[in-house]
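Peer 1: Those sequence lines, one after another, are chains A and B.
Once you know that position 443 of the first sequence is 443 in full-length UniProt numbering, the rest is easy, because the numbers rise by one and skip nothing.
Once you know that position 226 of the second sequence is 226 in full-length UniProt numbering, the rest is easy, because the numbers rise by one and skip nothing.
Ideal Cβ placement from N, Cα and C applies to all residues, glycine included.
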Amino acid sequence: MTVFDPYGDPSRALRIALGALLLAAVVATAGAFAADPESAAPSPVAYDDAVELGLSSETDALMAGSARVPRTQVFYSQLQYVVGYNGVESFAATLGDGRTERQFGYPIAAYVETFDDARPGTTETGLFESTFAGEWTPAAEAVYVVGSDARSPAGETVVPFRTREAAEAFAADHGGRAVGWEAVRSRSYDTDSAATVRSMAPERWDAADERIAAAERRADRPVSVVVGEDAPTVEAAVAAAPANTTVVVPPGTYEETLTVNESVTIAGEDARISGDGDGSVITVRAPDVALTGLSVDGSGGQTRDPEAAREGREGGGGSGESDAGEVWDTNIQLGYGHGDAGIRAVDAPGLVVDDVTVEANASGLLLREGSHAVVRGLRVDGTAEWQDGFMGITGMQSRVTVTDSRFEGGRDGIYLHRADGSVVRNSTFADNRYGTHLMYTGDALLADNAFRNELFAGITVMTRPSGNAIVGNDVRNSSAGVQASGTRTYVGYNTLVDNELGFSTSSRGSLYERNVAADNELGARATTVVPSSRVVANDFVGNAEHAAAGAGALRVWADGDRGNYWEGANVGVHEPGERAYRPTSPVDGALHREVAAVAVRESPAVALLDRLRGTVPGARSGSVIDPAPASAPYSPDRIDAALDPGAGAVHADWRAELDGRSGDGDGDAAMNARDRNATSGGIDPRAKRNGSTTPAAPVAPATSPTPATTEGPGDA
Amino acid sequence: MTGPLTGVATVFRRELATVVRTPGYGVLAVGLLAAVGGLLAAGGGGATGFVPAVVDLLLPTEALVPVAAVVLGYRALLADGASGELAVIRTYPVRVGEYVAGVLLARTVALVAVVGVPYAVVGVGVWLTAAPDTGIFATHAGVDSPLLYLRFLAFVLLLGAAYVSLAAAVSALAASRRSAIALGALALVAGVLGGDLLLLRSLGGGASSATIPGSLPLTPNGAFRGLVFEHVIGVAFAPEGDFVATGRAVGSLVGWTLLGAVVAGATLAYGRRVDAAIERVRSGFGG
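Here it is, written out as structure tokens:
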């Protein structure tokens, strides 16, 4: 029994050991209080490794030139990830809002990119540029030039310098004045937010109305030539017609391919133009051409042009502005812009396509090099297997306005690349790969469309454009409803039913509201690591799982005391909306499926764990919380219509509602972080799908609807 | 080898032997480890760092640690008195103060083992496992460090010591094992809930909210909670925190510990005479 003898004198070694242990404990405890855990400021990291917020760095203006947005990287006390802001003002705007601090804690260190030795200047269009990248300087030590003529794509930009001399030299060339950090952080910046995008959605709709009306007027021209009477073929008739007149194509089938080099209207009446299966059927190379009342088939089946791709690689191919031999997106331009099409338009602005049907072997309508087009009543029937065909509409650097059209089969219904300001509305998509697919395309409006049986997704936005509005769409029976990357995206009033995934919150600094996610496998998925968007006033009904979250800080889905409606959140013995709802927790997530979950939820253990869950949200991971779940659906009528198998597509009257409140401001200070970005690649490997910058490879098949990155809003 | 220290040391060793021979305390430590570890695993806070771990543990700790402390202390002085051993001990040159100090010291060491070790083990677990859930992006610790957890541990032990001492006082006051259990439970409820209920009531009764900083640290639990917010959780919030006056809160915890010891000593020293006095009064009434 020598194991423990409290009465014997302990050996000397034991005494020393005990004393040492005691001393160590005392010293460690004293040290724990003496040491300051805040004191060690971390060193700057490679910017690419930071989770990026703020302005988009992938707007057309930035991608195509040497322009830069001064960057900032910030280490927050409660967030394990380093946050990068594009635009010093993006970071400064978060400092006063309180919301960022509640979510991530306070900044323990912030570095700004300074341009003393980087040869800063401005581009011809006034955007800030520099020959070299800047270096990292603690934000508090830098000197900033404000009010200069240097701008970012979104407006005013602050340019940081390490030394006052360099700042003053820049101010001497470009105006403005040099100020310290305190002055920068206390200024207010005129920054757009996703709420701005929301208020602009009805305006974009109206602008589309005007474009359509203008197109009608443009197409209405006096008749000059009638095919069959004045000329033997359509091509001959077009060649013979003077500019600004109409070529009439009487009923019948015309087996030919033609090129239009004159600004004329080709008006068919039940006329079919049938190609020979080689190349495009109608090629438009003149501005303001109108094609109406035609059926087109018999194009070649080539989806891209190896010739063009080869020439492009040898230099000079592709699109304009190739001062350095190859434009940044040459691959995409060549890959997607040079295939066969029913109707192909090259450098043909003002194109009008009205009441046209295309049986597409490759693209239905291919627009390239500024062929801004108005499309109404287009019907494209694509291939049965998407791998065999191409897009209903391929738009490269061409702003399209599409209304009342229908796209069936083929690869993507509409694929747009660098087509800022496009509008797609009132159209129907079915059995495509993606219904509508945007790359590097911002400020677009996708509204009141219906999507059915889309293999990968109804609406997808890849890369990081900003300012898109996705409103009032109805997506069903697809792998995913809406997956939009980017920044400042407005996703509202969509009805997403019977999909594998309703929507992902992949776009940052964005607003997701008034969507109805019903009967999906998964209602919504939070993807970006660092939450920066708002998800509020959405209705989640009948989904196997209402919401899931990828890696990253806790997502708080509410705006102040306004949350979302979650079926099941209010069962049990408490006032509706009183108890926070965590759709990602196994207990809460089962409430709408298993009544017994209510009893589990009331257990002391669960209640205990619920208690402090919202504290230190930045250091929580992988979950979603709605602190104020709504007691009733926000859009009960749309839910009823969505769940009624007999009803057709559901579209909210969002224009009336948005117009009605455009004045209320809605306080979106925090959104001004304008978070950019989204994707950054995503967090989990699967996230790459949405974030992929190469359009060519929408990799994953329909089986995993994992969207990409994103989001979460926040506000506790 | 004479003097008060010898007496304390002897009683301490004897008491330590009692503790070691009580297998229930080992079970208690294991149970506490399971509870604390389980809560952390279910809460998820420990997966990312020490501060969220402390946030998850704060509430359960306020109940679990007092319970463990009361279990350790509620029979500490009663057992010797009931078995008559105390009377035997009193025949030796050991004063009541030395006896109480020795017993309390041993019980506090037991507390360090029974409560401190499970919490320390959980802390080490957090240290080993907490990591960001993706390595794609650069990460940093934020304001999070094992030191913060060590601070938490120190506060936990201070809280526990106060309850051990109070429980010992209860055990000195109790006349039987059953009444010790009842009195211990009463002390537990009063400590864990009573103080805050009183505070609530005084606020509800119209007391100014300006009194909160002063009255919060008066109870052991309030002082503990305030200290954890001030020195652990609050560090991750804005740099200036003013949850509680540190000196006042620490003073409160130490004060409760001393109070328990003094009450216990006084009870052992003078309890018999008081009992006799009460008995006289009762018989006077009854007669």
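Would you verify that the beta carbon of threonine 236 of chain B is, or is not, closer than 8 Å to some beta carbon of chain A?
Peer 2: Position 236 of the second sequence, counted from the start, is the residue given in the question as residue 236 of chain B. Threonine is not the amino acid found at residue 236 of chain B; the sequence shown has alanine there. It does: the Cβ of alanine 236 of chain B has a partner Cβ on chain A nearer than 8 Å.
Peer 1: Can you tell me whether aspartate 637 of chain A is buried or exposed, with buried defined as 16 or more other CB within 10 angstroms of its CB?
Peer 2: Here residue 637 of chain A refers to the residue found at position 637 of the first sequence. Exposed, because fewer than 16 other Cβ atoms sit within 10 Å of the Cβ of aspartate 637 of chain A.
Peer 1: Using a Cβ-Cβ cutoff of 8 Å, what residues of the stretch 37-52 of chain B are near chain A? List them in chain order.
Peer 2: Listed by position along the chain: Leu39, Ala42, Gly43, Gly44, Gly45, Ala47, Thr48, Gly49, Val51 and Pro52.
Peer 1: In chain order, what residues of the same chain lie with their CB nearer than 8 Å to the CB of glycine 577 of chain A, ignoring the 5 residues before and after it?
Peer 2: Within the first sequence, residue 577 of chain A is the residue found at index 577, counting from 1. Within the same chain, glycine 577 of chain A has close Cβ partners Gly563, Asn570, Ala628, Pro629, Ala630 and Ser631.
Peer 1: Is alanine 161 of chain B near threonine 257 of chain B, with beta carbons less than 8 Å apart?
Peer 2: Locating residue 161 of chain B in the second sequence gives position 161, where the first residue counts as 1. Locating residue 257 of chain B in the second sequence gives position 257, where the first residue counts as 1. Closer than 8 Å, so yes.
Peer 1: Give the C-beta separation of valine 126 of chain B and phenylalanine 50 of chain B to the nearest angstrom, bearing in mind that I take them to be a contact with Cβ-Cβ under 8 Å.
Peer 2: Along the second sequence, one-based indexing puts residue 126 of chain B at 126. Along the second sequence, one-based indexing puts residue 50 of chain B at 50. With a Cβ gap of about 6 Å, valine 126 of chain B and phenylalanine 50 of chain B count as contacting.
Peer 1: Counting contacts by CB-CB distance shorter than 8 Å, is phenylalanine 75 of chain A in contact with chain B?
Peer 2: Taking the first residue of the first sequence as position 1, residue 75 of chain A is located at position 75. Output row for phenylalanine 75 of chain A: interface = yes.
Peer 1: Whole-angstrom Cβ separation of leucine 57 of chain B and valine 36 of chain B, contact assumed at under 8 Å?
Peer 2: Counting from one through the second sequence, the residue named residue 57 of chain B turns up at place 57. Counting from one through the second sequence, the residue named residue 36 of chain B turns up at place 36. Yes, they are in contact, since the Cβ atoms of leucine 57 of chain B and valine 36 of chain B sit about 6 Å apart, within 8 Å.
Peer 1: Run through chain A and tell me which residues come within less than 9 Å of glycine 102 of chain B, C-beta to C-beta.
Peer 2: The residue given as residue 102 of chain B occupies position 102 in the second sequence. Those do not exist, as glycine 102 of chain B stays about 11 Å from chain A at its closest Cβ, beyond 9 Å.
Peer 1: Should glycine 550 of chain A be listed as close to the ligand GDP, given that the test is whether its C-beta is under 7 Å from any heavy atom?
Peer 2: As presented, the structure is devoid of all ligands, the ligand GDP included, so that no description of it is given.
Peer 1: Does the structure place the stretch 201-218 of chain A close enough to the stretch 338-346 of chain A that three or more beta carbon pairs sit under 8 Å?
Peer 2: With a cut-off of 8 Å, the stretch 201-218 of chain A and the stretch 338-346 of chain A do not count as touching, because too few Cβ pairs lie within range.
Peer 1: Does the beta-carbon of valine 65 of chain B have 16 or more other beta-carbons within 10 angstroms, so that it is buried, or is it exposed?
Peer 2: Along the second sequence, one-based indexing puts residue 65 of chain B at 65. When all chains shown are included, valine 65 of chain B counts as buried.
Peer 1: Please identify, using Cβ separations under 8 Å, the residues of the stretch 32-51 of chain A that lie next to chain B, in order along the chain.
Peer 2: The stretch 32-51 of chain A vs chain B, Cβ under 8 Å: Ala32, Phe33, Ala35, Pro37, Glu38, Pro42, Val45, Ala46, Asp49, Ala50 and Val51.
Peer 1: Quick one: what does DSSP say asparagine 86 of chain A is sitting in, helix, strand or coil?
Peer 2: Translated into the one-based positions of the first sequence, residue 86 of chain A becomes position 86. Strand.
Peer 1: Okay, do the stretch 464-472 of chain A and the stretch 482-493 of chain A touch, 3+ Cβ pairs below 8 Å being the bar?
Peer 2: As far as the Cβ criterion goes, the stretch 464-472 of chain A touches the stretch 482-493 of chain A, which means the pair count is three or higher.
Peer 1: Look at the alpha carbon of tryptophan 350 of chain A and the alpha carbon of arginine 379 of chain A, and state the distance between them as a whole number of angstroms.
Peer 2: Taking the first residue of the first sequence as 1, we reach residue 350 of chain A at position 350. Taking the first residue of the first sequence as 1, we reach residue 379 of chain A at position 379. The sequence as given places glycine at residue 350 of chain A; tryptophan does not occur at that position. Each residue's alpha carbon lies about 20 Å from the other.
Peer 1: Specify the secondary structure class of glutamine 483 of chain A as computed by DSSP and reduced to three states.
Peer 2: Translated into the one-based positions of the first sequence, residue 483 of chain A becomes position 483. Looking at glutamine 483 of chain A - three-state DSSP - the assignment turns out to be strand.
Peer 1: Could you check what DSSP says for proline 118 of chain B in three-state terms: helix, strand or coil?
Peer 2: Start at 1 with the first residue of the second sequence, and residue 118 of chain B comes out as number 118. Reduced to three states, the DSSP call for proline 118 of chain B is helix.
Peer 1: Applying a beta-carbon distance threshold of less than 9 Å, which residues of chain B neighbour valine 69 of chain A?
Peer 2: One-based indexing of the first sequence puts residue 69 of chain A at position 69. What valine 69 of chain A touches in chain B: nothing, since even the nearest Cβ is about 19 Å away.
Peer 1: Going straight from the alpha carbon of valine 281 of chain B to that of alanine 169 of chain B, what length do you get?
Peer 2: Reading the second sequence from its first residue, position 281 is the one you call residue 281 of chain B. Reading the second sequence from its first residue, position 169 is the one you call residue 169 of chain B. Taking the straight line from one Cα to the other gives about 24 Å.
Peer 1: Please report the straight-line C-alpha distance between valine 112 of chain A and arginine 119 of chain A, rounded to a whole angstrom.
Peer 2: Your numbering for residue 112 of chain A matches position 112 in the first sequence. Your numbering for residue 119 of chain A matches position 119 in the first sequence. Distance between the alpha carbons of valine 112 of chain A and arginine 119 of chain A: 16 Å.
Peer 1: Would you report the Cα separation of histidine 372 of chain A and tyrosine 512 of chain A, rounded to the nearest angstrom?
Peer 2: The residue you call residue 372 of chain A lines up with position 372 of the first sequence. The residue you call residue 512 of chain A lines up with position 512 of the first sequence. Whole-angstrom Cα-Cα distance: 29 Å.
Peer 1: Identify whether phenylalanine 128 of chain A lies in helix, strand or coil by the three-state DSSP scheme.
Peer 2: The residue given as residue 128 of chain A occupies position 128 in the first sequence. Three-state DSSP puts phenylalanine 128 of chain A in a strand.
Peer 1: Should arginine 151 of chain B be flagged as near chain A, meaning a C-beta pair shorter than 8 Å?
Peer 2: In the second sequence, residue 151 of chain B corresponds to position 151, counting from 1. Taking Cβ atoms only, chain A reaches closer than 8 Å to arginine 151 of chain B, which makes this a yes.
Peer 1: If you count every other CB in all the chains shown that lies within 10 Å of the CB of threonine 91 of chain B, and 16 or more means buried, which is it?
Peer 2: Here residue 91 of chain B refers to the residue found at position 91 of the second sequence. Exposed, since its Cβ has fewer than 16 Cβ neighbours within 10 Å.
Peer 1: How long is the line joining the alpha carbons of leucine 21 of chain A and threonine 29 of chain A, rounded to whole angstroms?
Peer 2: As a working note, residue 21 of chain A is residue 21 in the first sequence. As a working note, residue 29 of chain A is residue 29 in the first sequence. Looking at the two C-alpha atoms, the distance is approximately 12 Å.
Peer 1: Between the stretch 112-142 of chain B and chain A, which residues of the former have CB atoms less than 8 Å from a CB of the latter, in chain order?
Peer 2: Within the stretch 112-142 of chain B, the qualifying residues are Pro132, Asp133, Thr134, Ile136, Phe137, Ala138, Thr139, His140, Ala141 and Gly142.
Peer 1: Quick one: what's got a C-beta closer than 6 Å to glycine 498 of chain A's C-beta in the same chain, skipping five residues either side?
Peer 2: One-based indexing of the first sequence puts residue 498 of chain A at position 498. Residue identity differs from the one stated: residue 498 of chain A is aspartate in this sequence, not glycine. The answer, listed in chain order, is Arg476, Asn477 and Asp519.
Peer 1: For phenylalanine 152 of chain B, name the three-state secondary structure that DSSP assigns.
Peer 2: Taking the first residue of the second sequence as position 1, residue 152 of chain B is located at position 152. In this structure, phenylalanine 152 of chain B counts as helix in the three-state DSSP scheme.
Peer 1: Report the residues of the stretch 59-75 of chain B with a CB closer than 8 Å to any CB of chain A, ordered along the chain.
Peer 2: Taking 8 Å as the Cβ-Cβ cut-off against chain A, the residues of the stretch 59-75 of chain B that qualify are Leu59 and Pro60.
Peer 1: When Cβ atoms are compared, which residues of the stretch 89-123 of chain A fall closer than 8 Å to chain B?
Peer 2: Taking 8 Å as the Cβ-Cβ cut-off against chain B, the residues of the stretch 89-123 of chain A that qualify are Glu101, Gly105, Tyr106 and Ile108.
Peer 1: Closest by CA to glycine 191 of chain B, which one among B/Ile212, B/Ala167, B/Arg201 and B/Glu279?
Peer 2: Counting from one through the second sequence, the residue named residue 191 of chain B turns up at place 191. Of the candidates B/Ile212, B/Ala167, B/Arg201 and B/Glu279, the one whose C-alpha sits nearest the C-alpha of glycine 191 of chain B is B/Ala167.
Peer 1: For the stretch 640-649 of chain A against the stretch 547-564 of chain A, do three or more pairs of beta-carbon atoms, one drawn from each stretch, fall closer than 8 Å, so that the two count as touching?
Peer 2: At 8 Å Cβ cutoff, the stretches do not touch.
Peer 1: Could you tell me whether any Cβ in chain A is nearer than 8 Å to the Cβ of leucine 147 of chain B?
Peer 2: For the purposes of this step, residue 147 of chain B is identified with residue 147 of the second sequence, where counting begins at 1. So, interface residue.
Peer 1: Return the Cβ separation of isoleucine 332 of chain A and histidine 417 of chain A in integer angstroms, given the expectation that the two are a contact with Cβ distance under 8 Å.
Peer 2: On the first sequence, residue 332 of chain A is found 332 positions in, with the first residue counted as 1. On the first sequence, residue 417 of chain A is found 417 positions in, with the first residue counted as 1. Contact holds; Cβ gap of about 6 Å.
Peer 1: On the CB-based measure, 16 or more other CB atoms within 10 Å of its CB, does threonine 463 of chain A come out buried or exposed?
Peer 2: On the first sequence, position 463 is the one that residue 463 of chain A refers to. Buried, because 16 or more other Cβ atoms sit within 10 Å of the Cβ of threonine 463 of chain A.
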